[in-house]
Amino acid sequence: MSEGTAVMDASSAAAKRIERAPLVTNNRTMSWISDRVASCTERRAPTWWWITFTLTSSLAVVSLLCIAYLISTGVGVWGLNHPIGWAWDITNFVFWIGIGHAGTLISAILYLARQKWRTSINRAAEAMTLFAVVCAGIFPMIHVGRIWMVWFLAPVPTSMGIWQNFRSPLLWDVFAVSTYFTVSILFWYTGLVPDLATLRDRATTKIRKFFYGIGALGWRGGNRQWKHYEMAYLILAGLSTPLVLSVHSVVSFDFATSVIPGWHTTIFPPYFVAGAIFGGFAMVLTIMLPARAIFGLHDLITDDHVDKMCKIILLTGSMVGYAYAMEFFIAWYGGNLFEQYAFINRATGPYWWAYWSMIFCNVVSPQLFWFRRMRRHVLPVFIVCMFVNAGMWFERFVIIVTSLHRDFLPSSWNMFYPTWVDIWTFTGTFGIFLTLFLLFIRWLPMICIFEVKAVLPEADPHYHGHHKATIEGGGH
Amino acid sequence: MSNFFPRWANWVPLKLLLIAAVLTTVLTLGVWYYFTPKYTRVGYMPDQPAPFSHALHAEQLGMDCRYCHSFVEVSGHSNIPDTQTCMACHSQIKSTSPKLAAVKASWESGLPIQWVRIHKAPDYVYFNHAAHVNRGVSCFSCHGQINDMATVWQAEPQSMAWCLECHRAPEKFLRPQSEVFNLNWHAASPAAQLAMGTQFKKEWNINPPLTCGGCHR
Chain A
41 MSEGTAVMDA
51 SSAAAKRIER
61 APLVTNNRTM
71 SWISDRVASC
81 TERRAPTWWW
91 ITFTLTSSLA
101 VVSLLCIAYL
111 ISTGVGVWGL
121 NHPIGWAWDI
131 TNFVFWIGIG
141 HAGTLISAIL
151 YLARQKWRTS
161 INRAAEAMTL
171 FAVVCAGIFP
181 MIHVGRIWMV
191 WFLAPVPTSM
201 GIWQNFRSPL
211 LWDVFAVSTY
221 FTVSILFWYT
231 GLVPDLATLR
241 DRATTKIRKF
251 FYGIGALGWR
261 GGNRQWKHYE
271 MAYLILAGLS
281 TPLVLSVHSV
291 VSFDFATSVI
301 PGWHTTIFPP
311 YFVAGAIFGG
321 FAMVLTIMLP
331 ARAIFGLHDL
341 ITDDHVDKMC
351 KIILLTGSMV
361 GYAYAMEFFI
371 AWYGGNLFEQ
381 YAFINRATGP
391 YWWAYWSMIF
401 CNVVSPQLFW
411 FRRMRRHVLP
421 VFIVCMFVNA
431 GMWFERFVII
441 VTSLHRDFLP
451 SSWNMFYPTW
461 VDIWTFTGTF
471 GIFLTLFLLF
481 IRWLPMICIF
491 EVKAVLPEAD
501 PHYHGHHKAT
511 IEGGGH
Chain B
-19 MSNFFPRWAN
-9 WVPLKLLLIA
1 AVLTTVLTLG
11 VWYYFTPKYT
21 RVGYMPDQPA
31 PFSHALHAEQ
41 LGMDCRYCHS
51 FVEVSGHSNI
61 PDTQTCMACH
71 SQIKSTSPKL
81 AAVKASWESG
91 LPIQWVRIHK
101 APDYVYFNHA
111 AHVNRGVSCF
121 SCHGQINDMA
131 TVWQAEPQSM
141 AWCLECHRAP
151 EKFLRPQSEV
161 FNLNWHAASP
171 AAQLAMGTQF
181 KKEWNINPPL
191 TCGGCHR
């Protein structure tokens, strides 16, 4: 910064700030960004897309068939028994609902914190949130056994003359998850409107013009529209922010408010939220890395983006590790024999393999991200993310099944063995998730075009001439 | 870009919203009215094998409910009278009436008359007649003005909300024990009913169960 040496005025002080890496690399122009992102939806579907889509949608159908079999036959087709009344069903529910949290964190909290690097990943992460909540919503719905009675959860006046038990965390769950889904979908759609207008304006066929035209809600990009848009988006971000913390806290209450040793702990809400963000970011990377490679979006989703997400994974993974340790400490320090047994049994009992898989995947594997080299190579990042995905599923399995399988009455002690229906229903939800994601990248811009343009240096009002030092400092 | 949508399209969202609002309201009200026991059960009046008239027997002739429904005070289940009960009188009275054909046939064959059931609590509901009629709950409260019915029909919805109406405030329905089988009895005024009911509730220590297990055992 040679020109900053003359006078220590405001601009030179700004110039002295640590230079930040650009958020869009290779000096890409605005039109390049529009072209690159919009063309993903405009070109003919590539062969790989059709192959993947066939596979994932077949898998989704398998899940739906298993659900149909479950509903028509009864919950006996799952491996549930006494005392293990919850197993894969609720494990899968918590697993999927947790994954959504990264999307909300990126879209709401990082927005309010003015973290500009969120712009190129928020759209896809929010979409992932929605699809994960769709997968999550299936399980509590079907685990009730008589699914046609599931409307009992809705507080509507009925000829039974009673309300739901508002003291039950299971009911709080219904509200938490449905609020989460509603706010997420509103947030996502609001952010989509200007980009849908871009797609409408670029559209060459009547059908595309028609559908994107409807989706764009008459967006013309006028000053007043932008003003309203910014305000609406800010309000929605404000509404979503508490949801990042509340949804998974409420999910953890399903366990924490019970009296089962291993569930009845006050650490659950923060521990679940940290775990959800942890697992969510791993899933974001799991699907964004292939998407980036396939569509050649390396200039928009740069290695810096991946690096930052890895740091969040490292942070939240370590928080989760701390929570695991603290559970053991409190079990010892609390002096409750049943609690102590529950935790010793977790680590050394018949489910030791699940416990230690969880520890390895969630606590040990993310420690690789202390090393910059590891955060900047796709392969180790991808492998660690796969470990984290598996580890977060194991975490919920460990919490649910190991706490239940040792009842207060030793004569009731039992083991859980999944049936083929358990296995394929869960595997199939990945089909549902990926099918929805494939449809998303085919029909909607997977990166927020207008927000990415706003983080280009050209978007700075002072770019053309004024305050040259500031620009060269690159601190935006 | 040229206008792809014509000008009138601006009003389409508003119109759609209006239609959706109207449809939702109509649907909600429809379900509220047509899908509840108030509509689906009240007024059910099937044809019975014999044209037995409660209006004739209970009201005009003044027979007590318990002559035929003889176990109502001692049993959870209130019995439908057997053919022998009918024949106790009808072997002498109107013994040749064609209206008694089904009773006669049953008397000769020994097979019971196939009365069509009207009031049917679901199998997961436990209702005890004796517990109610011995504590000031009249037949009238659940079966309506049955002593005026030529053919029996269901007068009350008998939904869970309807049960709870009384279980939550029994003082509105309790009557003197001597008037339980007098279906024409009415309290002098709502205020009198409330005063009397409150007194009975206290004296008889009436605590209707409001827990699930009270009725769903």
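Residue numbers (the numbering used here), protein chains in the order written: chain A, 41 to 516; chain B, -19 to 197. Using N, Cα and C, we set each Cβ at its ideal position, and we do this for glycine too.
| Query | Result |
| --- | --- |
| B:Q138 vs B:H99 beta-carbon contact at 9 angstroms | yes |
| Residue burial classification, B:N127 (beta-carbon count within 10 angstroms, cutoff 16) | buried |
| 9 angstroms Cβ cutoff, A:A46 in contact with chain B | Low confidence applies to A:A46: its pLDDT is 47, below 50, so where it sits in the model is not reliable, and the reading given next is rough at best. Output row for A:A46: interface = no. |
| B:P61 to B:S50 span [Cα, whole Å] | 8 angstroms |
| Chain-ordered chain A contacts of B:P17 [CB-CB under 7 angstroms] | S199 |
| Beta carbon of A:F135 nearer than 9 angstroms to that of A:W433 | yes |
| Distance between A:E367 and B:V192 (C-alpha atoms, nearest Å) | The amino acid occupying residue 192 of chain B in the given sequence is Cys; Val does not appear at that position. Looking at the two C-alpha atoms, the distance is approximately 37 angstroms. |
| 7 angstroms Cβ shell around B:M129 - same chain, five flanking residues per side excluded | H34, A35 |
| Distance CB(A:I137)-CB(A:V184) smaller than 9 angstroms | no |
| Three-state secondary structure assigned by DSSP to A:F10 | No statement about residue 10 of chain A is possible, as the shown extent of chain A runs from 41 to 516 and does not include it. |
| Continuous alpha helix (DSSP H) assignments of at least 4 residues falling wholly in the region 214 to 278 of chain A | 246 to 255 |
| Cβ-based contacts, 9 angstroms cut-off: residues of the region 126 to 159 of chain B near chain A | P137, S139, M140, A141, W142, C143, L144, E145, R148 |
| Exposure of A:D213, with buried meaning 16 or more beta-carbon neighbours within 10 Å | buried |
| C-beta contact flag for A:C106 and A:P485 at 9 angstroms | no |
| Proximity below 9 angstroms, CB of A:L145 to CB of A:G320 | yes |
| Length at least 3, wholly inside the region 58 to 113 of chain A: the beta strand (DSSP E) runs in chain order | none |
| Residue environment, A:T510, which counts as buried when at least 16 other CB atoms sit within 10 Å | Any reading at A:T510 is ruled out, since the residue's pLDDT is 49, under 50, leaving its predicted position unreliable. |
| Three-state secondary structure assigned by DSSP to B:Q134 | coil |
| Extent of the continuous alpha helix (DSSP H) run through B:E145 | 140 to 148 |
| Top-ranked residue by Cα proximity to B:F120, from B:N108, B:Y106, B:E183, B:E136 | B:E136 |
| N-terminal and C-terminal residue of the alpha helix (DSSP H) that B:W(-12) is part of | That residue, B:W(-12), is in no alpha helix (DSSP H); it is neither H nor E in DSSP. |
| Cβ-Cβ distance between A:L232 and A:K156 below 9 angstroms | no |
| Minimum C-alpha distance to A:A164 - residue among A:G201, A:H288, A:R332, A:M359 | A:R332 |
| Under 9 angstroms from the C-beta of B:F(-16): neighbouring residues of chain A | R240, A243, K246, K249, F250, G253 |
| Residue-level contact to chain A via CB, B:N187, 9 angstroms cutoff | no |
| Beta-carbon contacts of B:A(-11) that lie in its chain and below 7 angstroms, excluding the five residues immediately before and after | none |
| Beta carbon proximity, A:I225 to chain B, threshold 9 angstroms | no |
| Nearest-angstrom beta carbon gap, B:V83 and B:C66 [assumed within contact, 8 angstroms] | 5 angstroms |
| Outcome for A:N385 when other beta-carbon atoms lying within 10 angstroms are tallied against a minimum of 16 | buried |
| Beta carbon of A:A382 nearer than 9 angstroms to that of A:T306 | no |
| Any chain B beta carbon closer than 9 angstroms to A:G261 | no |
| A:I202 at chain B interface by Cβ criterion, 9 angstroms | yes |
| Coarse secondary structure for A:H516, derived from DSSP in three states | Low local confidence applies: a pLDDT of 43 at A:H516 is under 50, so the model's placement there is unreliable, with the coordinate-based value given in what follows. Coil. |
| Simplified DSSP state of B:I93, which is helix, strand or coil | coil |
| Any 3 or more C-beta pairs closer than 8 angstroms across the region 281 to 297 of chain A and the region 107 to 124 of chain A | no |
| Buried or exposed (CB count within 10 angstroms, at least 16 for buried), B:N59 | exposed |
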